[in-house]
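Shown next, in structure tokens, is the structure this report addresses.
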Amino acid sequence: MKRLLIKGGRVISPADGLNDKLDILIVDGKIAEISEEIEDAQAEMINALDKIVTPGLIDMHVHLREPGFEHKETIESGTKSAAAGGFTSVACMPNTNPVVDNATVVDSIMDRTKANAKVNVFPIGSITKELAGEELAEIGFMAEAGIVAVSDDGKTVKDSSLMRLALEYVKAFDLPVITHCEDETLVKEGVVNEGYYSTITGLPGIPTAAEEIMVARDIRLAEMTNTPLHIAHVSTKGAVEIIRAAKQRGVEVTAEVTPHHFTLTDEEITTFDTNIKVNPPLRSAEDVEAIKEGLVDGTIDVIATDHAPHAWEEKDVEFNYAPFGISGLETALSLVITELVKPGILTIEEAIEKLTINPAQVLNIDKGRLEVEKEADLTVIDLDEKYRVDIDKFYSKGKNTPFANQKLYGKPMLTIVNGKQVMKDNQIL
Ligand SMILES: NC(=O)N[C@@H](CC(=O)O)C(=O)O
Ligand SMILES: [Zn+2]
Ligand SMILES: [Zn+2]
44 MKRLLIKGGR VISPADGLND KLDILIVDGK IAEISEEIED AQAEMINALD KIVTPGLIDM
104 HVHLREPGFE HKETIESGTK SAAAGGFTSV ACMPNTNPVV DNATVVDSIM DRTKANAKVN
164 VFPIGSITKE LAGEELAEIG FMAEAGIVAV SDDGKTVKDS SLMRLALEYV KAFDLPVITH
224 CEDETLVKEG VVNEGYYSTI TGLPGIPTAA EEIMVARDIR LAEMTNTPLH IAHVSTKGAV
284 EIIRAAKQRG VEVTAEVTPH HFTLTDEEIT TFDTNIKVNP PLRSAEDVEA IKEGLVDGTI
344 DVIATDHAPH AWEEKDVEFN YAPFGISGLE TALSLVITEL VKPGILTIEE AIEKLTINPA
404 QVLNIDKGRL EVEKEADLTV IDLDEKYRVD IDKFYSKGKN TPFANQKLYG KPMLTIVNGK
464 QVMKDNQIL
């Protein structure tokens, strides 16, 4: 029997009402005991004194790129990156090649996960076949194969009546719909936020209304069909306001933001660095402020990375031609701590909620808690560790981050998945 004893940490699990100095004993991959003083001579001991111990972090929005774009990322490299970032579970988006629009592709991701993944992987199926927005994907078969949600992420389902149909149809399978909101007719050739900085750089702009129109549409459709809707990567003040109002009148809508959208503004585009090119684009300081308010008052339930790795040579082109996306798994927790927790915007408990139980609840997965007899997924965090982001040490193939060389606070020290240590002190085990 394999025994692991995590001693002396401050255990924070909002869903279990825990915020105390506690020991945790893991036996054969499961949590065996959580209490004040556990002694176990046979167990391997981990000293968590002055550290925070939380349920394993969950990232409900990542692009693992496999199958089809293995030069950008694979299930192996992407889940190593997740483990390095303190995540024990990720949900992966279906914009692969082939698209995850049928059960065979879901099965293949499950098989590859079993063989190569360092953390739990929960596949998301597409809403429409080939993400083409024309007919529904094989949602029922994919549900049987184990998807946790559907999304055409990367694209909006343009046809409102097809989106309505999708929202009706998923009810039979109890799946949430995750929507990527942009009105393509307003986006056109846009590559950055439309505003002062797009004007002075001459880069084509994407107006905030492009996002807000679709957020409003999808919320109305969710309301009409009574289906849970999750809004991906919220980036504008107006979107926060629309979601807040919808929640107030009882619509079952949830929302996420990414670390880059609560950290950076569109002023960054004056560098023309393609590593800040992302969809939705970095917005104005006013939008960032509104997003933070949304995090504080609960309008925004989840922090998710939208980890979108790209190959170096793909980003090393003129701004207009570079693909959208930021590699996010290995800086997310530090950005949450540096930008939200240290300045007192969120308490550490609130931050952990948005990284554990809240995404678990959106996806309806049995994760995000610390409970005896459950699989031991845990993250040990050092809140005070200060370090410089080193992209050469990234496990992700995607080095496309605007945070390279930045000094950040707070780091995951240890990631445990199913009782197994998968990352310790920046090393994948
Ligand atoms: N966010 C991005 O900029 N890119 C994502 C697509 C998406 O999340 O919409 C990608 O797949 O590269
Ligand atoms: Zn998207
Ligand atoms: Zn995405």
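Under the numbering used here, the first residue of the sequence shown is numbered 44, with each subsequent residue one higher. Note that beta-carbon positions come from the ideal geometry of N, C-alpha and C, so glycine has one too.
For residue i, name the three-state secondary structure that DSSP assigns.
i    : result
D340 : helix
R207 : helix
G248 : strand
L398 : helix
K320 : coil
Q470 : strand
K335 : helix
S56  : strand
Q464 : strand
T458 : strand
L413 : coil
K450 : strand
I256 : helix
V200 : coil
N159 : helix
V235 : strand
L376 : helix
E187 : helix
K429 : strand
Identify which residue in the options has its Cα closest to the Cα of residue i.
i    : options                : result
T444 : Y430, E255, I369, K231 : I369
F473 : R260, V230, P271, E266 : The displayed coordinates of the chain run from 44 to 472. Any statement about residue 473 would go beyond what the structure contains.
F437 : T97, G371, E79         : G371
E266 : V296, M88, M466, A365  : V296
A275 : I243, F165, H350, G245 : H350
I75  : V415, P455, E428       : Reading off the sequence, residue 75 comes out as Ala, not Ile. Looking at the Cα atoms, V415 is the closest of the given residues.
I69  : L61, R53, M88, A58     : M88
R263 : L210, Y240, V235, T342 : L210
A298 : E393, T131, V258       : V258
D340 : T348, Q291, K442       : Q291
L457 : S327, L472, K450       : L472
Q464 : A84, K358, G72, P57    : G72
Can you tell me the Cβ-Cβ gap for residue i and residue j, rounded? I've got them flagged as a contact below 8 Å.
i    : j    : result
V432 : N448 : 6 Å
R412 : P98  : 6 Å
T244 : I312 : 6 Å
Y452 : D468 : So it is not a contact: roughly 17 Å between Cβ atoms.
T422 : T139 : T422 to T139, Cβ: 27 Å. No contact.
V235 : D309 : 6 Å
According to DSSP, what are the bridge partners of residue i?
i    : result
R46  : V70
C135 : V105, P166
E87  : L47
S346 : What sits at residue 346 in the sequence shown is Ile, not Ser. Paired residue(s): V300.
H353 : None, per the DSSP bridge assignment.
S194 : I221
S78  : D66
I424 : I95, P455
T171 : L179
F130 : L100
I285 : Answer by DSSP bridge pairing: none, since I285 is not bridged.
Under 7 Å, CB to nearest heavy atom of ligand 2: contacting residues: Near ligand 2, meaning a Cβ closer than 7 Å to any of its heavy atoms, lie the following residues in chain order: D196, G197, H223, A275, H276, N322, D349.
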